[in-house]
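Asker: The structure under discussion is supplied below as structure tokens; questions concerning it will follow.
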């Protein structure tokens, strides 16, 4: 799922997901310019 979809599922703002990715709290894959978590 995308970062925005994950944020919606978790009930947090999408920038929180990006912060968690930067802090390596959650894993992600960048595929074709789209970030998947």
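Numbering (our numbering), first residue to last: 37 to 73.
Ideal placement from N, C-alpha and C gives every residue a C-beta, glycine not left out.
On a predicted model such as this, the values are computed, not experimentally measured, just so you know.
1) So the alpha helix (DSSP H) residue 46 belongs to, where does it begin and stop?
2) Leaving out five residues before and five after residue 60 in sequence, what residues of the same chain have Cβ atoms less than 8 Å from its Cβ?
3) Quick test of your reading: residue 64 and residue 70, contact by CB under 8 Å. State the CB separation rounded to the nearest angstrom.
4) Any idea what DSSP makes of residue 62, helix, strand or coil?
5) By Cβ distance below 7 Å, which residues in the same chain neighbour residue 40 in space, the five residues on each side in sequence not counted?
Answerer: This is what the structure holds:
1) 39-46
2) none
3) Not a contact, Cβ separation roughly 10 Å.
4) coil
5) 50
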